[in-house]
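Chemist: Got a structure here, written out as structure tokens. Questions coming.
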Amino acid sequence: MPIMQTTIPPPEVESQEAGKSLAVQYWREYIRSVMVPLFHATGSYTSAEQESHLQFMDKLVAPNLGPLPTEPHGPYTPPASLVGSPFDPSLNMAASGKAKARFDFDIVGPAQRTGSDPFAEHAARKVALHIASKTGSSTQWLENLFTTLFLSPEETQTVVTQMPADIAAPPLSVGVDFDGSQRVMKCYIHGVRKSVATGRSSTDILLQALRNLEPMGDSLSAGVELLEDYLSTTPNDAVLMLLGIDCLDPTLYPETRVKCYLHTRSNSFSVARDVMTLGGRLDDETSRARIELLRSIWSILRNEPDDVPMDEEWSKPDRIGSTGYSGLQFTIEIAPGHTFPDTKIYVPVFQYAETTQEVERNVELMLQKLGNEWGLTGRYRKTMQTIFGSETDYGQTYVSFAYSKTKGAYTTSYFARPIRQVDTKLAGYFGIRLN
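Counted from 1, the sequence shown has number 389 at position 389 by full-length UniProt numbering; the numbering is strictly sequential.
See the structure below:
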């Protein structure tokens, strides 16, 4: 009978494995500290669904948030990096229907841009495909974007030498919406590295990536052409910086979207209106209602008095410079076969309010104005207090607003638990735009 041989790993390997195990446990506890009370507060999930979702994050998210935050790692880059975190939870509150808990996270790159995978693109591909396999997600569009937007070996070396060290951009962001027992996966890819590698603008690169999507890329053409026409003629500085996709099979799910993320440096209402209507190209009843509702909450979102006339041209100065999380962000959401896209706006509320308490109050006021039960009953602020307790300086980062005929007005609040052991400044000139 053969004798079993036991291979004893070198001490450095044992140390690495122990460190990884500690990191995974740390991130599991960190994620649960936010998501357990968030799931409960929504009232949208059974006990079994909550536990299933938590185990999903234990197994597939915690192991992919990188080493312990006190160990060397690439810069954290989601809005949650405002408080030192790579994990970005959020709460979606629609005018009708159940609230949804959600999250996204960025693939954390290496501490230095060295080695065979300096931007963690290979690691990101592996993580995304593994999560997709566990959620039953389609990877058709995702694989297409990997081919189009990830770097060749030659381009990788070019970007290593030419991309400024203080510009940070994740290789990939992965998000999940929890819809009852279902987990709906989304992915987001930047154009900044490909722009550095090729010398082309991220707008041109990402528009071309949309045209090349398979399957059904040709069914997106009407919306893509409308967006391209707007970007080529708008007087403001809107830049297409990022693509997001629903990881669904567009041939089976007609609601599958591509989300085109735009950024403007200005936060004036006139710029917001221009982007939300694509320069007046979207002028139907729904688009007009969307703008009027946005106007009604605009002062609140920017922490300004709501009882004085609004200067539509005024752009409020940012509190924190040197970050792409400034100005305004928008999504132009295009679905196959739809001529006109939907639009959504994201406001960096931390830039316009000094304290978390101010943001909480403003979100509640906004929800009240929109007739949302989460504001009318005080439920939103109670939920934040349940999650964060006495931790009054947690991260309130973004609020989004959208409107559709079917959903009415709906908003998402983005927040995060601070990680005290790390530098909590935002990650340099986050790689939204190079100019």
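Ideal Cβ placement from N, Cα and C applies to all residues, glycine included.
Bear in mind the structure is a predicted one, so any value in this text is a computation, not a measurement.
Among Thr147, Pro215 and Val224, which residue has its Cα nearest to the Cα of Thr251?
Modeler: With respect to the C-alpha of Thr251, the residue from Thr147, Pro215 and Val224 having the closest C-alpha is Pro215.
Chemist: Which residues in the same chain as Leu65 place their Cβ atom closer than 6 Å to its Cβ, once the five residues preceding and following it in sequence are excluded?
Modeler: Trp27 and Pro86
Chemist: For residue 466 versus Asp249, is the C-beta distance shorter than 8 Å?
Modeler: Since the displayed the chain opens at 1 and closes at 435, residue 466 lies outside it and no answer follows.
Chemist: According to DSSP, is Pro89 helix, strand or coil?
Modeler: strand
Chemist: Taking Gly395 as part of the beta strand (DSSP E), name the residues at either end of that continuous run.
Modeler: Per DSSP, Gly395 belongs to the beta strand (DSSP E) from Gly395 to Ser404.
Chemist: So the beta strand (DSSP E) Tyr325 belongs to, where does it begin and stop?
Modeler: Following the DSSP letters along the chain, one finds Tyr325 in no beta strand (DSSP E), marked with neither H nor E.
Chemist: Can you tell me which of the three DSSP states Thr264 falls into?
Modeler: strand
Chemist: Distance check for Met276 and Met395, CA to CA, integer angstroms please.
Modeler: In the sequence under discussion, the amino acid at residue 395 is Gly, which differs from the Met named in the question. The straight-line gap from Cα to Cα measures roughly 27 Å.
Chemist: Excluding sequence positions up to five away, which residues of its chain have a Cβ less than 7 Å from the Cβ of Thr234?
Modeler: Asp274 and Gly279
Chemist: Cutting at 6 Å between CB atoms, please list the residues of its own chain near Thr42, excluding the five before and the five after it.
Modeler: Ala99 and Ala101
Chemist: What's the call for Ile320, buried or exposed, on a 16-neighbour Cβ count within 10 Å?
Modeler: exposed
Chemist: In or out: Ser390 buried (at least 16 other Cβ within 10 Å) or exposed?
Modeler: exposed
Chemist: Any idea what DSSP makes of Phe340, helix, strand or coil?
Modeler: In this structure, Phe340 counts as coil in the three-state DSSP scheme.
Chemist: May I ask which residues mark the beginning and end of the alpha helix (DSSP H) holding Ser413?
Modeler: Segment Gly408 to Ala416 is the beta strand (DSSP E) holding Ser413; no alpha helix (DSSP H) there.
Chemist: I'd like the ranges of any alpha helix (DSSP H) spanning at least 4 consecutive residues and lying wholly in the region 83-143.
Modeler: 121-135
Chemist: Could you give the C-beta distance for Val196 and Val239, rounded to a whole number, given that I count them as a contact under 8 Å?
Modeler: That pair is no contact at about 14 Å.
Chemist: What is the rounded straight-line gap between the Cα of Asn92 and the Cα of Val399?
Modeler: Roughly 10 Å between the two C-alpha positions.
Chemist: For Val347, write down the residues that DSSP places opposite it in a beta bridge.
Modeler: Val347 is bridged by DSSP to Val399.
Chemist: Could you tell me the boundaries of the alpha helix (DSSP H) in which Phe56 lies?
Modeler: Ser47 to Leu60
Chemist: At which residues does the beta strand (DSSP E) containing Asp274 begin and terminate?
Modeler: Unbroken run through Asp274 is the alpha helix (DSSP H), Phe269 to Met276; no beta strand (DSSP E).
Chemist: Compute the Euclidean distance between the alpha carbons of Tyr230 and Ser202, then round it to the nearest angstrom.
Modeler: 15 Å
Chemist: Check whether the region 185-194 touches the region 166-177, counting contact only when three or more Cβ pairs, one atom from each stretch, lie closer than 8 Å.
Modeler: yes
Chemist: For Lys259 and Glu228, I'd like the C-alpha separation in whole angstroms.
Modeler: 14 Å
Chemist: Quick check: the Cα distance between Phe103 and Leu38, rounded to an integer number of angstroms?
Modeler: 11 Å
Chemist: Does the Cβ of Asp246 have 16 or more other Cβ atoms within 10 Å, making it buried, or fewer, making it exposed?
Modeler: Buried: at least 16 other Cβ atoms inside 10 Å.
Chemist: Excluding five sequence neighbours on each side, which residues of the same chain lie with their C-beta closer than 6 Å to the C-beta of Ala409?
Modeler: Only Ala95, Leu293, Leu370 and Tyr403 meet the Cβ criterion.
Chemist: How about the region 309-318 and the region 362-377: do they share at least three Cβ pairs that are nearer than 8 Å?
Modeler: no
Chemist: In its own chain, which residues sit with a C-beta less than 8 Å from the C-beta of Pro418, not counting the 5 before and 5 after it?
Modeler: Val83, Gly84, Ser85, Glu391, Asp393, Tyr394, Gly395 and Thr424
Chemist: Would you kindly work out how many angstroms separate the C-alpha atoms of Gly375 and Glu304, rounded to a whole number?
Modeler: If you draw a straight line from the Cα of Gly375 to the Cα of Glu304, it is about 18 Å long.
Chemist: Starting from the Cα of Leu142, find the closest Cα among Pro118, Leu243 and Leu220 and give me that residue.
Modeler: Leu243
Chemist: Is it buried or exposed for Ile387, if we count other Cβ within 10 angstroms and need 16 for buried?
Modeler: buried
Chemist: Based on Cα-Cα distance, which residue from Met185, Gly217 and Val224 lies nearest to Asp204?
Modeler: Val224
Chemist: Got a sec, what are the start and stop residues for the alpha helix (DSSP H) Tyr188 sits in?
Modeler: Element bounds for Tyr188: not the alpha helix (DSSP H) but the beta strand (DSSP E), Gln182 to His190.
Chemist: Give the DSSP bridge partners of Thr331, in chain order.
Modeler: Thr331 is bridged by DSSP to Tyr261 and Lys344.
Chemist: Which partner residues does Val224 have in the DSSP bridge list?
Modeler: Val224 pairs with nothing; no bridge assigned.
Chemist: Going by DSSP, what residues sit across from Asp177 in a beta bridge?
Modeler: Asp177 pairs with Arg102 and Val184.
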